[in-house]
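A.B. asks: Handing you a structure now.
In my numbering, the protein residues as written are 1098 to 1200.
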């Protein structure tokens, strides 16, 4: 079974987001570098072994995520559009979702 985890890196500990993503790629996991660290996805046992091994070396925080890496709703920036005066405030997110499902 596939699992996706959000991993938060601590730059004070010497672990940057790009390093975290590189470690995950080296372990054979799918990864996506983010502003807070990385999303790591793969088989359940493989991901958990990777997280346990990384926690022995660095103080990282990991949280299980219910959506795949390909899901664009992870970041509000995906749906950020300039709002036009006179239009309802929910319109930018709606347009962003329409783009996601029709592309």
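Built from N, CA and C at the ideal position, the CB exists for glycine as well.
(1) Measuring only the C-alpha atoms, how far is residue 1127 from residue 1147?
(2) Any heavy atom of the ligand MN within a distance shorter than 7 Å of the CB on residue 1127?
(3) Have a look at 1099, 1117 and 1098 and flag the residue whose alpha-carbon is nearest the alpha-carbon of residue 1107.
(4) Suppose the cutoff is 6 Å on Cβ atoms and the five residues either side in sequence are ignored; what does the same chain contact list for residue 1161 look like?
(5) Would you tell me roughly how many angstroms separate the C-alpha atoms of residue 1110 and residue 1151, rounded to the nearest one?
(6) Have a look at residue 1098 and residue 1124 and give me their C-alpha separation to the nearest angstrom.
(7) Pull up the distance between the alpha-carbon of residue 1104 and that of residue 1143, whole angstroms please.
(8) Quick one: using the 10 Å Cβ neighbour count with 16 as the cut-off for buried, is residue 1138 buried or exposed?
C.D. replies: Quick answer:
(1) So the alpha carbons of these two residues sit roughly 12 Å apart.
(2) This structure does not include the ligand MN; it has no bound ligands of any sort.
(3) That would be 1117, whose Cα lies nearest to the Cα of residue 1107.
(4) Cβ neighbours of residue 1161 beyond the five flanking positions: 1102.
(5) Between residue 1110 and residue 1151, the C-alpha separation is close to 12 Å.
(6) Looking at the two C-alpha atoms, the distance is approximately 17 Å.
(7) Cα to Cα, the separation comes out at about 15 Å.
(8) Counting of Cβ neighbours within 10 angstroms places residue 1138 among the buried residues, the total reaching 16 or more.
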